[in-house]
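Working notes for the structure below.
Protein chains in written order, with the UniProt record's numbering: chain L, 1 to 338; chain G, 1 to 338; chain H, 1 to 338.
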């Protein structure tokens with residue numbers, strides 16, 4: 001990314017940071033109001049860029065009302081094909097596949113696209129959501145390290161706020177959410193998996209876990225809360241301190257994933273599990289989910305700005321920057337060696 | 001139940017709602033004061049109606065003092081043989097068997113009788129309590145649906161308050177409490193089991209679990225708190241969202257029950273477990289129990305009225321009433337088909 | 001202990017109670033400032049009494065400034081060889097072996113020595129700490145009963161405050177802490193084990209658990225919090241109510257210990273586990289640990305005085321004193337019989 005485009009993006013990010021949440025809601029409502037759902041044909045494939053285009057009209061409406069909103073809509077248009085989203089209109093189940101090579105890492109743009117798509121699927125009335133990956137052997141490597149290395153502070157803040165936003169939307173989602181973990185799922189990839197209601201992992205030489213500690217950084221409180229809710233306090237202590245990456249068999253043993261099946265059976269297993277969950281009355285199911293997850297969601301919702309401040313202050317420390325730099329250098333070395 | 005008797009009962013319930021708790025305490029104290037414990041012979045069988053009669057004298061005293069109290073005592077007298085209570089005076093262990101056909105469902109009257117008996121056994125100095133069922137294949141089906149369908153609001157509020165009362169008394173009981181689960185134990189039946197200190201379940205085609213979601217309703221926060229305390233957060237999430245009914249083997253695997261034995265061994269297993277628990281110094285044991293359960297109890301104690309309001313507001317929603325109506329119709333259809 | 005020496009000790013304890021914490025910190029800082037670490041040679045053995053001597057200079061400095069501080073330093077000098085501490089300077093791993101016959105019970109002096117040593121090892125920059133026992137078949141029997149029987153209240157309060165202090169230091173320790181449980185580990189012995197990051201227990205006829213209930217006393221809230229964090233709520237309920245002592249195999253099954261190995265393999269297992277943990281970036285590891293343990297630590301830190309008051313009020317009750325007396329008599333009887 002050129003310096004020019006980067007700073008432009010930061011300017012947009014700054015403008016956005018104050019209205020992003022409300023803006024999302026407007027987009028959703030307007031879109032529903034227009035009734036022009038792009039998810040109308042059975043198993044139709046719609047990529048993120050197509051969606052961005054499909055958002056054009058309502059966003060244009062918005063942009064005529066507010067300059068700030070225009071900036072947001074422009075940015076949506078600038079997205080690459082980061083996601084492959086399809087909806088089975090007969091069942092109301094969406095499949096969202098991450099396709100951001102090489103490792104589906106969460107950049108600000110990718111997180112924004114994920115947030116927009118979650119809102120859109122929800123407002124389109126989808127009842128279920130399968131989150132998977134189009135890339136072989138990788139689910140998601142988690143946060144994009146370059147977002148955190150020598151960062152522009154405004155963008156860094158927006159990056160973290162959008163990550164919070166994504167977690168809030170996914171962890172409390174009204175949809176039935178199932179993770180189809182067909183590849184490695186460290187750090188943020190593990191977080192996304194844990195946010196789902198059910199996790200199916202492919203067997204083989206894959207790993208999953210919150211391994212932030214190995215990079216010298218610390219997963220925020222809401223990452224560890226999510227982990228505690230999934231595997232319990234004791235296992236979370238061990239996992240976080242060691243930055244442990246679990247094999248599929250280890251993961252299922254401690255409850256980090258719910259099922260481990262051969263790679264070729266993941267899709268069918270996810271489908272049959274989803275079919276079972278779809279039989280449950282939706283509203284009561286979602287209220288039950290919130291009853292258990294809302295206290296954890298509230299803990300972040302009540303300290304969101306503080307959490308951003310903490311993250312920025314921690315990650316910009318010289319020592320942390322140094323270890324991120326070394327890690328990036330090692331990554332480059334490794335890819336050169338290949 | 002005729003319209004007349006129903007509205008009379010509601011009037012009594014209204015009068016009761018303001019003094020029920022204090023009244024329970026008075027009854028207990030007076031009874032102890034008179035020293036006429038009906039649990040004086042070894043393994044003497046005393047049914048709830050006998051107890052009601054045995055409560056006559058102290059209640060009459062009370063009723064001469066207060067008109068409202070009289071209404072309460074009258075109602076106690078009107079109870080059917082809902083419970084079969086016996087006490088082994090040598091060990092101080094009471095056995096309370098629910099015998100309210102067809103499914104030991106918790107009506108307002110049944111819950112009131114349970115509360116009175118818990119208080120009585122406690123004030124009589126019982127050290128242990130086994131909760132079981134006299135009905136074959138059923139422990140308890142939980143809340144009486146008709147209490148929640150097209151309800152009189154005053155009675156509905158009293159119903160919920162009495163359910164809270166029962167949970168508070170049982171979950172924090174000074175007695176060693178063991179559930180002898182010899183039959184199905186869905187919803188409120190599962191709650192009662194979880195309130196005990198130990199759960200023995202008969203093997204076979206039985207189920208146990210909080211399945212409220214399947215009816216389109218949501219178990220209140222204190223139900224889910226009790227479940228989390230029993231099986232942990234992750235299993236509680238799955239159980240509540242799916243309204244999962246566990247087989248005995250599944251239940252013991254996740255810790256929802258402690259032991260699964262053949263039906264004919266349940267009584268002996270309960271007895272030997274009770275014998276083991278009776279060896280522990282009572283006061284320290286109860287304080288240890290409260291140390292772990294009091295925070296959960298407090299959460300309801302601090303929000304009791306709010307919890308009633310929430311329940312009433314939720315259950316009287318048109319959509320919820322509709323699904324309760326459909327469920328009741330399906331139950332009738334099923335019993336006609338037999 | 002003679003009456004005279006006991007009351008003198010109490011006077012010291014009183015003086016100390018108001019400044020002990022600050023004093024510890026001063027000692028640490030001064031010691032570091034002097035740079036005279038006694039843990040400088042590889043695998044050098046330093047006993048607690050040597051350490052006490054090694055603390056002479058800085059304490060003398062302090063004692064010249066404050067009379068109260070002098071009393072503290074005098075007392076340090078009076079310690080027996082309660083601990084066997086060695087440090088492997090190449091790895092930065094300390095080994096602290098309790099050697100207070102007959103059962104490594106926690107008296108005020110022993111707890112004070114443990115606190116001082118934890119501070120010292122931490123300020124000397126140790127990265128890992130193995131806690132074990134020099135006594136065969138016993139890890140630690142926990143609190144010294146005589147501290148609680150017919151106590152001098154001032155000393156009792158200091159005793160409890162020092163126990164709190166020890167728990168706070170160990171549970172949140174910056175060091176990697178591993179318990180080498182080569183002998184029985186009831187009550188406070190179990191607490192110390194649970195405070196560590198990892199627990200290796202010898203197989204055989206040993207037991208571990210919080211068995212306070214069996215003595216008619218109740219483990220304080222922070223004991224049970226630590227237990228809940230280790231084995232979960234349900235198992236903690238059963239364990240505390242029953243005062244359950246687990247065999248090594250039972251303990252590993254519920255997660256109370258992490259590994260059970262033959263006695264002769266404990267040291268090697270601890271060493272290889274420590275080597276694995278030492279690879280993790282220290283700062284991030286410790287922050288991860290605090291993220292999970294700080295809420296539990298805070299609960300005591302915010303109610304420390306109240307917790308002391310509760311303990312003193314409970315333990316000095318006539319009924320509790322009576323059962324402690326009977327327990328002590330039984331212990332004497334047993335040792336006479338041998």
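Beta carbons are placed, not taken as given, at the ideal position from N, Cα and C, and that holds for glycine.
By the criterion of Cβ-Cβ separation under 8 angstroms, what are the contact partners of residue i in chain H?
{"i": "residue 224 of chain L", "result": "288, 291, 292"}
{"i": "residue 179 of chain G", "result": "Here the premise fails: no neighbours, minimum Cβ distance about 14 angstroms."}
{"i": "residue 230 of chain G", "result": "233, 234"}
{"i": "residue 125 of chain G", "result": "The premise fails here: residue 125 of chain G is roughly 17 angstroms from chain H at the closest Cβ pair, so nothing lies under 8 angstroms."}
{"i": "residue 213 of chain L", "result": "280, 281, 284, 285, 288"}
For residue i, which residues in the same chain have their Cβ closer than 8 angstroms to its Cβ, ignoring the five residues on either side in sequence?
{"i": "residue 25 of chain G", "result": "Caution applies to residue 25 of chain G, whose pLDDT of 30 falls short of 50 and renders its modelled position unreliable; the value that the coordinates give is listed next. Closer than 8 angstroms at the Cβ level, and outside the excluded window around residue 25 of chain G, lie 119."}
{"i": "residue 294 of chain L", "result": "172"}
{"i": "residue 41 of chain H", "result": "Confidence at residue 41 of chain H is low in this model, with a pLDDT of 34, below 50, so the placement of that residue should be treated as unreliable; the coordinate-derived value is given next. Closer than 8 angstroms at Cβ, skipping near neighbours: 89."}
{"i": "residue 314 of chain G", "result": "217, 218, 320"}
{"i": "residue 160 of chain H", "result": "307, 308, 311, 312"}
{"i": "residue 104 of chain L", "result": "98, 110, 133, 135, 138, 139, 140, 141, 189"}
{"i": "residue 267 of chain G", "result": "180"}
{"i": "residue 318 of chain H", "result": "none"}
{"i": "residue 228 of chain G", "result": "236"}
{"i": "residue 102 of chain L", "result": "135, 138"}
Can you check which of these residues, the options, is closest to residue i by C-alpha distance?
{"i": "residue 187 of chain G", "options": "G/151, G/88, G/286, G/222", "result": "G/222"}
{"i": "residue 216 of chain H", "options": "H/114, H/107, H/330, H/322", "result": "H/322"}
{"i": "residue 134 of chain G", "options": "G/85, G/143, G/161, G/151", "result": "G/85"}
{"i": "residue 235 of chain G", "options": "G/331, G/143, G/214, G/209", "result": "G/209"}
{"i": "residue 296 of chain G", "options": "G/249, G/206, G/230, G/271", "result": "G/230"}
{"i": "residue 275 of chain G", "options": "G/176, G/144, G/103", "result": "G/176"}
{"i": "residue 125 of chain H", "options": "H/247, H/100, H/93", "result": "H/93"}
{"i": "residue 251 of chain H", "options": "H/206, H/271, H/103, H/220", "result": "H/206"}
{"i": "residue 122 of chain G", "options": "G/109, G/138, G/174, G/99", "result": "G/174"}
{"i": "residue 287 of chain G", "options": "H/246, H/220, H/247, H/102", "result": "H/220"}
{"i": "residue 87 of chain H", "options": "H/101, H/253, H/127, H/116", "result": "H/127"}
{"i": "residue 150 of chain L", "options": "L/336, L/270, L/325", "result": "L/325"}
{"i": "residue 225 of chain L", "options": "L/95, L/102, L/107, L/299", "result": "L/299"}
{"i": "residue 204 of chain L", "options": "L/237, L/178, L/246", "result": "L/246"}
{"i": "residue 213 of chain L", "options": "L/228, L/238, L/193", "result": "L/238"}
{"i": "residue 340 of chain L", "options": "L/316, L/168, L/116", "result": "Lying before the first or after the last residue shown, residue 340 of chain L is absent from chain L, which here runs from 1 to 338."}
{"i": "residue 316 of chain H", "options": "H/91, H/147, H/256, H/102", "result": "H/147"}
{"i": "residue 143 of chain H", "options": "H/106, H/254, H/116, H/117", "result": "H/106"}
Quick one: residues in its chain with C-beta nearer than 6 angstroms to the C-beta of residue i, no 5 flanking neighbours on either side, listed in chain order?
{"i": "residue 114 of chain G", "result": "166"}
{"i": "residue 258 of chain L", "result": "198, 199"}
{"i": "residue 170 of chain G", "result": "195"}
{"i": "residue 100 of chain G", "result": "82, 110"}
{"i": "residue 271 of chain L", "result": "none"}
Closer than 8 angstroms by beta-carbon distance: list the chain G residues that pair up with residue i, in chain order.
{"i": "residue 102 of chain L", "result": "Within chain G, no residue comes near residue 102 of chain L; the closest Cβ sits about 32 angstroms away, beyond 8 angstroms."}
{"i": "residue 217 of chain H", "result": "284"}
{"i": "residue 161 of chain H", "result": "Simply none; closest approach about 20 angstroms."}
Rounded to whole angstroms, how far is the Cβ of residue i from the Cβ of residue j, which I believe are closer than 8 angstroms?
{"i": "residue 202 of chain G", "j": "residue 130 of chain G", "result": "Not quite, the Cβ-Cβ distance comes to about 14 angstroms (not below 8 angstroms), so this is no contact."}
{"i": "residue 302 of chain G", "j": "residue 292 of chain L", "result": "Between residue 292 of chain L and residue 302 of chain G the Cβ distance is about 20 angstroms, and since that is not below 8 angstroms, they are no contact."}
Can you name, in chain order, every residue of its own chain whose Cβ lies under 7 angstroms from the Cβ of residue i, other than the five neighbours on each side?
{"i": "residue 137 of chain H", "result": "183, 184"}
{"i": "residue 327 of chain G", "result": "145, 215"}
{"i": "residue 290 of chain G", "result": "172"}
Using a cut-off of 9 angstroms between C-beta atoms, extract the partners of residue i located in chain L.
{"i": "residue 243 of chain G", "result": "280, 281, 284, 285, 288"}
Would you mind telling me which residues of chain G sit closer than 7 angstroms to residue i, beta carbon to beta carbon, in chain order?
{"i": "residue 197 of chain L", "result": "241"}
{"i": "residue 209 of chain L", "result": "Within chain G, no residue comes near residue 209 of chain L; the closest Cβ sits about 16 angstroms away, beyond 7 angstroms."}
{"i": "residue 255 of chain L", "result": "234"}
Under 8 angstroms: do the stretch 259-274 of chain L and the stretch 157-166 of chain L share three or more Cβ pairs, one atom per stretch?
no
Does the stretch 267-284 of chain L touch the stretch 238-257 of chain L, meaning 3 or more C-beta pairs lie closer than 8 angstroms?
no
Okay, do the stretch 302-313 of chain G and the stretch 150-159 of chain G touch, 3+ Cβ pairs below 8 angstroms being the bar?
yes
Using 8 angstroms as the threshold, is the stretch 324-336 of chain H in touch with the stretch 188-196 of chain H, meaning 3 or more CB pairs across them?
no
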